[in-house]
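*Asks:* One structure is given below, represented as structure tokens, and several questions about it will come after.
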Amino acid sequence: MSRPLRALTAVAACLAATAALTGCVSTSMPASAAGKGGLPPSITEDKQLKVGLSPDFPPMEYRDEKTNRVVGVDVDLARALGAELGLEVTFQEQKFDQLMNSVTTSRVDMVMSGISDTVDRQETVDFVDYFDTVGRFYTLPGRAGDFRDGDDVCGRKLAVSKTTDYYGQALDYNKRYCTGKGKPAIRVLPTDSGAAARLQLEQKRADVAIQGGENLAFFDRTEPGRFKAVLDPIPAKPFAAVVKKDDKPMARLVLKGFRQLRADGTYQRILKKAGMAYGSMAPKINGVED
1298 MSRPLRALTA VAACLAATAA LTGCVSTSMP ASAAGKGGLP PSITEDKQLK
1348 VGLSPDFPPM EYRDEKTNRV VGVDVDLARA LGAELGLEVT FQEQKFDQLM
1398 NSVTTSRVDM VMSGISDTVD RQETVDFVDY FDTVGRFYTL PGRAGDFRDG
1448 DDVCGRKLAV SKTTDYYGQA LDYNKRYCTG KGKPAIRVLP TDSGAAARLQ
1498 LEQKRADVAI QGGENLAFFD RTEPGRFKAV LDPIPAKPFA AVVKKDDKPM
1548 ARLVLKGFRQ LRADGTYQRI LKKAGMAYGS MAPKINGVED
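According to the numbering used here, the sequence shown is numbered sequentially starting from 1298.
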């Protein structure tokens, strides 16, 4: 749902004008920190917004089976953000574990790939939070009745991707609601990916699993009845656009772009289309209102 790119000359004029004009990206950016036209130095020359992603996380970013094109909520939001900022968006596909290094070494300007804003990660990069995700326990529909209370997962086999924040949440949940209350420990089965965790569940090697609510919303649309969410949502850190540490001009530019997408309704339309309106939030830098 991206809108047509605006002419770069129009953006430059807008940036030079008063902040009251609709669509201005930023007028508060210090001249010493910004490049020509008010853009961050990293994108001043080519007027491109280079976005890193790992297209293996539906519905945030994945490869469409019919067209083989990379699609998803992050793809739509990045394109809309580029249109709002008057920049051409290009995507660079990488393995998930390479993305953070890619932005710190300036191979990309920004990463949008379902990455959570955590305090530990803030030591090396900065974040612009844009989606309030939640974790969900889920199982096969025929097993949903086995999980009615929070401690029903105690003593069960639980599959979860060890590369996600949900792995740590599973361990914390076990301490809080199971072993910490004298109940049998959750038998956590760490996997290499969310897909591998789902396979463990479908092959009945696990009783229950955890992944993001956005993933389950995707499967509800594409494969109704495949899985069933159970128990209450688990609070999680918000998804965020990742930018280079202390690159304040870039962070401010992305923040203002997201704010404008919320103001004109584009942001909400993209989330609603994906069944993810529940995660709408005001954008923030490193979890802090600005």
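We treat Cβ as the ideally placed atom computed from N, Cα and C, and that holds for glycine.
For a test of the three-state rule: what should DSSP assign to Cys1321, helix, strand or coil?
*Replies:* Summary for Cys1321: the model assigns pLDDT 33, below 50, so the residue's position carries little reliability; its value from the coordinates is reported in the next sentence. DSSP places Cys1321 in coil when its eight states are reduced to three.
*Asks:* Using DSSP with H/G/I as helix, E/B as strand and the rest coil, what is Phe1393?
*Replies:* Three-state DSSP puts Phe1393 in a helix.
*Asks:* In angstroms with no decimal places, state the Cα-to-Cα distance between Lys1347 and Gln1389.
*Replies:* Their Cα atoms are separated by approximately 7 Å.
*Asks:* Straight-line CA distance for Phe1524 to Lys1363?
*Replies:* Rounded to whole angstroms, Phe1524 to Lys1363 spans 23 Å at the Cα level.
*Asks:* What residues match up with Ser1413 in a beta bridge as DSSP calls it?
*Replies:* Bridge partners of Ser1413: Phe1536.
*Asks:* Candidates Val1370, Thr1461, Val1450 and Ser1458: which alpha carbon is nearest Lys1472's?
*Replies:* Of the listed residues, the one whose Cα sits closest to Lys1472 is Val1450.
*Asks:* For Val1431 and Ser1413, I'd like the C-alpha separation in whole angstroms.
*Replies:* The straight-line gap from Cα to Cα measures roughly 11 Å.
*Asks:* Less than 8 Å between C-beta atoms, sequence neighbours within five positions excluded: which residues of the same chain meet that for Ala1467?
*Replies:* Answer for Ala1467: Leu1455, Val1457, Ile1483, Val1485 and Ile1507, listed in chain order.
*Asks:* Put Asp1501 into one of helix, strand or coil per three-state DSSP.
*Replies:* One detail in the question is off: residue 1501 reads as Lys in this sequence, not Asp. DSSP places Lys1501 in coil when its eight states are reduced to three.
*Asks:* In three-state DSSP terms, what is Pro1352?
*Replies:* In this structure, Pro1352 counts as coil in the three-state DSSP scheme.
*Asks:* On the CB-based measure, 16 or more other CB atoms within 10 Å of its CB, does Pro1355 come out buried or exposed?
*Replies:* Its Cβ being crowded by 16 or more others within 10 Å, Pro1355 is buried.
*Asks:* Measuring only the C-alpha atoms, how far is Leu1558 from Gln1497?
*Replies:* Approximately 39 Å between the Cα atoms of the pair.
*Asks:* Compare the Cα-Cα distances from Glu1385 to each of Ile1531, Ile1340 and Lys1501 and report the closest residue.
*Replies:* Closest by alpha carbon: Ile1340.
*Asks:* Please classify Glu1420 as buried or exposed, where buried requires at least 16 other C-beta atoms within 10 Å of its C-beta.
*Replies:* Label assigned to Glu1420: exposed.
*Asks:* Considering only their Cβ atoms, is the gap separating Ala1571 from Phe1424 smaller than 9 Å?
*Replies:* No, these two residues do not count as a Cβ contact at 9 Å.
*Asks:* If Pro1521 and Met1578 are in contact, beta carbons under 8 Å, what's the gap, nearest whole angstrom?
*Replies:* That pair is no contact at about 27 Å.
*Asks:* Straight-line CA distance for Arg1376 to Thr1460?
*Replies:* Rounded to the nearest angstrom, the two C-alpha atoms are 27 Å apart.
*Asks:* Buried or exposed for Gly1491, going by 16 or more other Cβ atoms inside 10 Å?
*Replies:* Label assigned to Gly1491: buried.
*Asks:* Quick check on DSSP: helix, strand or coil for Asp1426?
*Replies:* Note: Asp1426 maps to strand in three-state DSSP.
*Asks:* Distance check for Leu1568 and Gly1576, CA to CA, integer angstroms please.
*Replies:* One C-alpha to the other measures close to 8 Å.
*Asks:* Taking Pro1546 as part of the alpha helix (DSSP H), name the residues at either end of that continuous run.
*Replies:* Residues Lys1545 to Ala1560.
*Asks:* Assuming contact is defined by CB atoms lying nearer than 9 Å, are Pro1481 and Tyr1464 in contact in what I supplied?
*Replies:* No, the pair does not count as a contact, with Cβ atoms beyond the cut-off.
*Asks:* Kindly list the residues whose CB is nearer than 6 Å to the CB of Val1551, restricted to its own chain and excluding five residues on each side of it in sequence; keep chain order.
*Replies:* Around Val1551: Val1425 and Ala1538.
*Asks:* Who are the near neighbours of Pro1438 in its chain, counting only those whose CB is closer than 7 Å to its CB and skipping five residues on each side?
*Replies:* So the qualifying residues of the chain are Gly1522 and Lys1525.
*Asks:* Compare the C-alpha of Asp1353 against each of Asp1343, Val1370 and Pro1338 and name the closest.
*Replies:* Among Asp1343, Val1370 and Pro1338, the Cα nearest to that of Asp1353 is on Val1370.
*Asks:* Specify the secondary structure class of Phe1524 as computed by DSSP and reduced to three states.
*Replies:* It is coil, neither helix nor strand.
*Asks:* Would you mind reading off the limits of the alpha helix (DSSP H) that contains Val1485?
*Replies:* Here Val1485 belongs to no alpha helix (DSSP H); instead the beta strand (DSSP E) covers Arg1484 to Thr1488.
*Asks:* With DSSP as the reference, label Val1372 as helix, strand or coil.
*Replies:* In this structure, Val1372 counts as helix in the three-state DSSP scheme.
*Asks:* Short check: CB of Phe1434 to CB of Leu1528, under 9 Å?
*Replies:* Yes. Within cutoff.
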